[in-house]
Amino acid sequence: MATKIIKRKELGFWDRTYLPAVGLGLWITSRHFFRNMAVHALHLFGFAKNLRGAETYQYPEEQRPLSKRTRTRHRLTKREDGSPRCVACMMCETVCPARCINIVAKENPDPNIEKMPASFDLDLGMCVYCGYCVEVCPEDAIRMDTRILDIAAYSREGMKLDMQKLLNP
Numbered sequence: 018m019a020t021k022i023i024k025r026k027e028l029g030f031w032d033r034t035y036l037p038a039v040g041l042g043l044w045i046t047s048r049h050f051f052r053n054m055a056v057h058a059l060h061l062f063g064f065a066k067n068l069r070g071a072e073t074y075q076y077p078e079e080q081r082p083l084s085k086r087t088r089t090r091h092r093l094t095k096r097e098d099g100s101p102r103c104v105a106c107m108m109c110e111t112v113c114p115a116r117c118i119n120i121v122a123k124e125n126p127d128p129n130i131e132k133m134p135a136s137f138d139l140d141l142g143m144c145v146y147c148g149y150c151v152e153v154c155p156e157d158a159i160r161m162d163t164r165i166l167d168i169a170a171y172s173r174e175g176m177k178l179d180m181q182k183l184l185n186p
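Pasting the structure below:
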């Protein structure tokens with residue numbers, strides 16, 4: 018099989034300086050800015066109500082609507098007796114690409130269930146919110162549907178959730 022060598026085209030002066038790309042970006046940004054300013058000014062005076070402008074949410078007081086599929090802070094589900102539904106199968110810990118889940122298993126006193134977690138720790142500072150842990154769980158024990166978005170902390174230790182924090186979000 019023959020290999021065909023293709024020579025690259027030499028970049029010109031304007032392509033090497035990125036000036037056209039920067040100018041295009043500034044033009045697009047300016048166009049959006051002035052269009053939205055004009056639409057808001059028209060709305061202020063009662064004109065062009067059919068035109069939709071940029072939406073502004075006053076964040077702490079007014080929450081932005083979230084999709085049903087939005088992945089937010091994790092939680093562990095409970096059984097009817099209040100114990101965690103997790104059977105410590107380690108599948109979520111194994112599939113996690115960030116390695117932010119740490120489970121220690123122990124024997125379950127219930128003869129129908131083999132194991133239960135002695136500790137279930139999750140580090141939100143390392144989590145990439147991919148949702149693999151939720152997809153792989155055979156018992157539907159972990160979910161990301163708490164709708165809690167403000168997960169900031171002043172220290173790294175504040176980003177770590179133990180089993181009690183996961184059971185009671």
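All letters in the sequence shown, in the order written, are residues 18 to 186 by the numbering used here. Even glycine gets a Cβ: it sits at the ideal position worked out from N, Cα and C.
By a C-beta neighbour count over all protein chains shown, 10 Å radius and 16 as the cutoff for buried, is residue 86 buried or exposed?
Sequence index remark: in the sequence shown, residue 86 carries index 69 (1-based). Exposed.
Figure out for me which residue from 105, 144, 58, 120 has the closest Cα to the Cα of residue 131.
As a position in the sequence shown, residue 131 is number 114, starting the count at 1. Nearest C-alpha to residue 131: 105.
Nearest by alpha-carbon distance to residue 160: which of 88, 110, 122, 23 is it?
Locating residue 160 in the sequence shown gives position 143, where the first residue counts as 1. Comparing Cα-Cα distances from residue 160 to each of 88, 110, 122, 23, the minimum goes to 88.
Suppose contacts are defined by Cβ-Cβ distances below 7 Å. Is residue 137 in contact with residue 176 by that definition?
As a first step, residue 137 is located in the sequence shown; it is residue number 120 there, counting from the start. As a first step, residue 176 is located in the sequence shown; it is residue number 159 there, counting from the start. No.
Hey, is the stretch 24-36 in contact with the stretch 45-61, meaning 3+ C-beta pairs nearer than 8 Å?
no
Taking only the alpha-carbon atoms, compute the straight-line gap between residue 143 and residue 26 and give it to the nearest angstrom.
For the purposes of this step, residue 143 is taken as the residue at position 126 of the sequence shown. For the purposes of this step, residue 26 is taken as the residue at position 9 of the sequence shown. Between residue 143 and residue 26, the C-alpha separation is close to 43 Å.
Please report the distance separating the alpha-carbon of residue 24 from that of residue 147.
Along the sequence shown, read from residue 1 onward, the residue named residue 24 stands at position 7. Along the sequence shown, read from residue 1 onward, the residue named residue 147 stands at position 130. Residue 24 and residue 147: Cα-Cα distance of roughly 41 Å.
Identify the residues that DSSP records as bridge partners of residue 121: which are they?
As a first step, residue 121 must be located in the sequence shown, where it is residue number 104. 136.
For residue 159, name the three-state secondary structure that DSSP assigns.
By one-based count along the sequence shown, residue 159 stands at place 142. It is a strand residue.
Just the C-alpha distance for residue 14 and residue 151, rounded to the nearest angstrom, thanks.
Summary: the structure shown does not reach residue 14, with the chain confined to residues 18 through 186, and so no result is reported for it.
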